[in-house]
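Quick mapping for you: the protein sequence lines, in order, are chains A and B.
Numbering-wise (the working numbering), the first sequence opens with residue 1 and increments by one.
Numbering-wise (the working numbering), the second sequence opens with residue 1 and increments by one.
A quick write-up on the structure given underneath.
There are 2 protein chains.
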Amino acid sequence: MFAGALPANDRSIQAPGTATAAYLQRPRQISLIGPDEEIYRQGDRSGSLYRVEFGAIRIYRLHADGRRQVVSFHLAGETFGLEAGRTRSFFAEAMVHTGLTSAGSTSGETASQELMAMALREMIRAQEHLLVLGRQSALEKLAAFLLDISERQGDLNPIDLPMTRIDIGDYLGMTIETVSRSFSKLRDEGILRLHNARSVELLRPEKLRQLCR
Amino acid sequence: MFAGALPANDRSIQAPGTATAAYLQRPRQISLIGPDEEIYRQGDRSGSLYRVEFGAIRIYRLHADGRRQVVSFHLAGETFGLEAGRTRSFFAEAMVHTGLTSAGSTSGETASQELMAMALREMIRAQEHLLVLGRQSALEKLAAFLLDISERQGDLNPIDLPMTRIDIGDYLGMTIETVSRSFSKLRDEGILRLHNARSVELLRPEKLRQLCR
DNA sequence: TGCAGTCTTTGATTCGGATCAAACGGCAGA
DNA sequence: TCTGCCGTTTGATCCGAATCAAAGACTGCA
């Protein structure tokens with residue numbers, strides 16, 4: 001896959017409100033990616049950056065024995081794909097039906113100011129994630145996670161979780177059973193309501209905040 | 001503390017091999033910092049970057065209940081101090097007698113290429129740390145930690161650990177007792193030798209590598 | 001509408017690491 | 001060299017989360 005390219009995909013469409021010059025017109029071309037479809041993989045040449053127009057992406061790495069660490073999720077409006085090396089050290093997959101556009105590349109053409117901002121964002125995200133993984137209990141981890149997602153969805157309530165319990169577990173460093181039990185605990189304490197596994201209404205966000213500090 | 005400044009400190013000396021213009025000559029001025037002395041704290045105005053000439057630094061954040069998460073260690077030759085926001089969100093302290101020089105600042109005067117490289121380094125470091133914290137056992141965490149330090153000391157053997165067991169624990173998300181037990185386990189398995197708590201000889205580094213993959 | 005497969009929840013048990021406790025060892029200062 | 005202190009190691013017990021197991025709920029498809 002050459003630098004700046006989006007995955008080959010015959011289901012591309014034009015972004016709404018865009019001139020229809022199609023092929024040669026670099027930006028605004030949306031690639032549609034299905035659930036669990038791969039965007040890039042460890043070992044691929046890096047360079048391309050992506051913007052999530054709708055849907056959601058998981059970035060992860062696999063350990064030799066199959067254990068998986070999800071490093072980040074990227075929701076609508078967010079960009080991803082920045083890597084320090086010349087080859088990818090992570091996998092990127094869509095979690096639901098997702099639309100991607102090109103967000104430039106690391107090779108020259110993108111303003112270095114934007115790249116810097118992106119690098120700093122990723123640095124912060126990783127550092128915040130670190131704080132959660134290192135010293136928090138299962139309940140505290142889930143609380144921090146829900147607040148993060150809620151905020152990134154513009155305090156949408158109920159929250160829409162595009163990821164499975166497995167994804168959440170691999171992101172927070174715990175098993176799906178523990179994730180599920182933590183949800184149930186928060187439900188039993190009246191802190192949230194589970195409309196279904198993917199839709200979570202926060203009833204007392206302040207309680208969550210209290211939990212994870 | 002103004003941007004670009006090193007902590008006020010009456011024990012400054014000239015770096016070896018430097019012209020002696022002293023005061024007005026910005027670079028090469030070494031600040032000497034004692035063990036557990038603070039370089040900056042959460043809430044301080046950010047901007048200054050530092051280079052460790054000798055010694056070692058810990059970067060950490062405190063949770064409300066006193067739990068501490070060490071985010072990174074910085075050894076001789078490494079730079080630190082980059083933060084995304086206008087105020088510091090971490091504490092920086094020396095762990096042993098340490099010499100620091102200014103490594104520029106985030107406000108203009110430093111080449112953005114260097115800043116970008118630093119941001120990417122920090123991003124990688126945080127991501128690698130994430131992989132260790134998320135899904136590894138105590139033994140695997142310690143193995144990964146020792147290999148990291150060993151490499152950053154140029155494969156010096158025995159390794160010189162400038163940090164206490166508490167620091168290691170707060171970095172890896174485990175208690176000092178578990179850190180100590182993990183050291184003992186690696187010793188009993190003939191993988192390393194403890195000359196003393198701070199000096200660790202790696203006898204079979206390949207075994208460590210095997211452990212943490 | 002019913003069915004199959006998958007994801008989630010809940011329950012029982014196990015286990016790794018935390019906590020509590022005490023002994024040990026190395027280093028600084030007298 | 002002796003002594004006291006602090007960091008480290010080791011031991012005993014406890015607890016939170018992992019694992020093993022099974023039931024329940026949702027989704028897509030026939």
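Yeah, the Cβ is synthetic: ideal placement off N, Cα and C, and Gly gets one too.
- Over the uninterrupted beta strand (DSSP E) stretch that includes Ile-30 (chain A), give me the two end residues. Taking the first sequence and counting its residues from 1, the one referred to as residue 30 (chain A) is at position 30. Ile-30 (chain A) -> beta strand (DSSP E) spans 29-33.
- How far does the beta strand (DSSP E) with Leu-53 (chain B) in it reach, from first residue to last? Taking the second sequence and counting its residues from 1, one reaches residue 53 (chain B) at position 53. Before going on, a small fix: residue 53 (chain B) reads as Glu here, not Leu. Element bounds for Glu-53 (chain B): 48-54.
- Query: Residues in the segment 49-75 of chain A with C-beta within 7 Å of chain B's C-beta atoms, listed in sequence order?
  - Reply: Arg-61, His-63, Ala-64, Arg-67, Gln-69, Val-71
- Check the Cβ of Met-123 (chain A) against every Cβ in chain B and list those closer than 7 Å, keeping chain order. Looking up residue 123 (chain A) in the first sequence gives position 123. Here the neighbours are Ala-84, Ala-119, Glu-122, Met-123, Ala-126.
- Within chain B, the residues that Gly-104 (chain A) reaches when beta carbons sit closer than 9 Å: The residue labelled residue 104 (chain A) in the question sits at position 104 within the first sequence. Correct list: empty, because the minimum Cβ distance to chain B is about 14 Å.
- Query: So, helix, strand or coil for His-74 (chain A), using DSSP?
  - Reply: Counting from one through the first sequence, the residue named residue 74 (chain A) turns up at place 74. The answer is strand: DSSP assigns His-74 (chain A) an E or B state.
- Spatial neighbours of Gly-104 (chain B) within its chain, please: CB distance less than 6 Å, with the 5 preceding and 5 following residues excluded, ordered by chain position. Reading the second sequence from its first residue, position 104 is the one you call residue 104 (chain B). Here the set comprises Leu-49, Thr-110.
- So Lys-185 (chain A) and Leu-133 (chain A) are in contact, right, with Cβ under 8 Å, and what is the actual spacing, rounded? Stepping through the first sequence from its first residue, residue 185 (chain A) is reached at position 185. Stepping through the first sequence from its first residue, residue 133 (chain A) is reached at position 133. Actually they do not touch by this definition, with Cβ atoms about 19 Å apart.
- Item | Per-residue burial, Thr-87 (chain B) [other beta carbons within 10 Å of its own, 16 or more giving buried] | Your numbering for residue 87 (chain B) matches position 87 in the second sequence. Exposed is the call here.
- Name, in chain order, the residues that DSSP records as bridge partners for Ile-159 (chain A). Counting from 1 along the first sequence, the entry for residue 159 (chain A) is found at position 159. In DSSP, Ile-159 (chain A) forms a bridge with A:Val-200.
- Using a cut-off of 8 Å between C-beta atoms, extract the partners of Ser-46 (chain A) located in chain B. Position 46 of the first sequence, counted from the start, is the residue given in the question as residue 46 (chain A). Within chain B, no residue comes near Ser-46 (chain A); the closest Cβ sits about 11 Å away, beyond 8 Å.
- Message: If contact is defined by three or more beta carbon pairs under 8 Å, each pair taking one atom from either stretch, is the segment 35-45 of chain A in contact with the segment 91-104 of chain A?
- Response: yes
- Message: For the alpha helix (DSSP H) containing Thr-164 (chain A), name the first residue and the last one.
- Response: Residue 164 (chain A) sits at position 164 when you count from the first residue of the first sequence. Careful: Thr-164 (chain A) lies outside any alpha helix (DSSP H) and carries neither H nor E.
- Item | With 16 other Cβ atoms within 10 Å as the buried cut-off, status of Leu-130 (chain B) | Taking the second sequence and counting its residues from 1, one reaches residue 130 (chain B) at position 130. Flag for Leu-130 (chain B) reads buried.
- Message: Using 8 Å for Cβ pairs, my map puts Gly-169 (chain B) next to Val-179 (chain B). What's the rounded Cβ distance?
- Response: Locating residue 169 (chain B) in the second sequence gives position 169, where the first residue counts as 1. Locating residue 179 (chain B) in the second sequence gives position 179, where the first residue counts as 1. Their Cβ separation, rounded to whole angstroms, is 5 Å, which keeps Gly-169 (chain B) and Val-179 (chain B) in contact under 8 Å.
- Name the chain A residues whose beta carbon is nearer than 8 Å to that of Gly-173 (chain B)? Here the question's residue 173 (chain B) lines up with position 173 in the second sequence. The answer, in chain order, is Leu-133, Gly-134, Arg-135.
- Opposite Glu-38 (chain A) in the DSSP bridges: which residues? The residue labelled residue 38 (chain A) in the question sits at position 38 within the first sequence. DSSP lists A:Glu-93 as partners of Glu-38 (chain A).
- What residues in the segment 144-176 of chain A bring their beta carbon closer than 7 Å to a beta carbon of chain B? Gly-173
- Task: Just the C-alpha distance for Arg-26 (chain B) and Leu-142 (chain A), rounded to the nearest angstrom, thanks.
- Result: The residue you call residue 26 (chain B) lines up with position 26 of the second sequence. The residue you call residue 142 (chain A) lines up with position 142 of the first sequence. Because the pLDDT at Arg-26 (chain B) is just 49, under 50, the model does not fix this residue reliably, and the value given afterwards should be weighed accordingly. Their Cα atoms are separated by approximately 47 Å.
- Task: Flag Phe-90 (chain A) as yes when its Cβ comes closer than 7 Å to any non-hydrogen atom of the ligand NAP, and as no otherwise.
- Result: Ligands in the displayed structure: none, and consequently the ligand NAP is not present.
- Query: How about Val-52 (chain A) and Gly-81 (chain A): are their beta carbons less than 8 Å apart?
  - Reply: Within the first sequence, residue 52 (chain A) is the residue found at index 52, counting from 1. Within the first sequence, residue 81 (chain A) is the residue found at index 81, counting from 1. Cβ atoms of Val-52 (chain A) and Gly-81 (chain A): not closer than 8 Å.
- Name the two residues that bound the continuous alpha helix (DSSP H) containing Ala-138 (chain A). Here residue 138 (chain A) is taken as the residue at index 138 of the first sequence, counted from 1. Taken as a continuous stretch (DSSP letters only), the alpha helix (DSSP H) holding Ala-138 (chain A) covers 138-152.
- Message: In the DSSP output, which residue or residues are listed as bridge partners for Phe-80 (chain B)?
- Response: Taking the second sequence and counting its residues from 1, the one referred to as residue 80 (chain B) is at position 80. Answer by DSSP bridge pairing, in chain order: B:Tyr-50.
- Message: For Met-116 (chain A) and Leu-100 (chain A), what's the separation of their Cα atoms in angstroms?
- Response: Here residue 116 (chain A) is taken as the residue at index 116 of the first sequence, counted from 1. Here residue 100 (chain A) is taken as the residue at index 100 of the first sequence, counted from 1. Met-116 (chain A) and Leu-100 (chain A): Cα-Cα distance of roughly 21 Å.
- So, are the CB atoms of Ile-176 (chain B) and Arg-165 (chain B) less than 8 Å apart? Position 176 of the second sequence, counted from the first residue, corresponds to residue 176 (chain B). Position 165 of the second sequence, counted from the first residue, corresponds to residue 165 (chain B). Yes.
- Task: Whole angstroms is fine: what's the gap from Ala-64 (chain A)'s alpha carbon to Gly-173 (chain B)'s?
- Result: Stepping through the first sequence from its first residue, residue 64 (chain A) is reached at position 64. Stepping through the second sequence from its first residue, residue 173 (chain B) is reached at position 173. Each residue's Cα considered, the two are about 22 Å apart.
- Query: Quick one: which chain B residues come within Cβ less than 8 Å of Arg-213 (chain A)?
  - Reply: Along the first sequence, read from residue 1 onward, the residue named residue 213 (chain A) stands at position 213. Chain B residues near Arg-213 (chain A): His-63, Ala-64.
- Message: Report the CB separation of Tyr-171 (chain A) from Phe-54 (chain A) in whole angstroms; it is logged as a contact under 8 Å.
- Response: Position 171 of the first sequence, counting from 1, holds the residue named residue 171 (chain A). Position 54 of the first sequence, counting from 1, holds the residue named residue 54 (chain A). Not confirmed; about 21 Å, so no contact.
- Message: Within 10 Å of its beta-carbon, does Glu-122 (chain A) have 16 or more other beta-carbons around it, so buried, or fewer, so exposed?
- Response: Indexing the first sequence from 1 puts residue 122 (chain A) at position 122. Buried is the call here.
- Query: To the nearest angstrom, how far is it from the Cα of Ile-149 (chain A) to the Cα of Val-71 (chain A)?
  - Reply: In the first sequence, residue 149 (chain A) corresponds to position 149, counting from 1. In the first sequence, residue 71 (chain A) corresponds to position 71, counting from 1. Computed Cα separation, rounded: 14 Å.
- CB Ala-56 (chain B) to CB Pro-158 (chain B), shorter than 8 Å? Counting from 1 along the second sequence, the entry for residue 56 (chain B) is found at position 56. Counting from 1 along the second sequence, the entry for residue 158 (chain B) is found at position 158. Cβ atoms of Ala-56 (chain B) and Pro-158 (chain B): not closer than 8 Å.
- Task: For Leu-62 (chain B), I'd like the list of residues in its chain whose CB is within less than 6 Å of its CB, leaving aside the five on either flank, ordered along the chain.
- Result: Position 62 of the second sequence, counted from the first residue, corresponds to residue 62 (chain B). The answer, listed in chain order, is Arg-68.
- Along the alpha helix (DSSP H) that carries Ala-126 (chain B), what are the first and last residues, could you check? Position 126 of the second sequence holds residue 126 (chain B). Residues 112-135.
- Under 8 Å by Cβ, that's how I've got Leu-120 (chain B) and Leu-202 (chain B) pegged, so tell me the actual separation to the nearest angstrom. Here the question's residue 120 (chain B) lines up with position 120 in the second sequence. Here the question's residue 202 (chain B) lines up with position 202 in the second sequence. Contact flag wrong, Cβ pair sits at about 28 Å.
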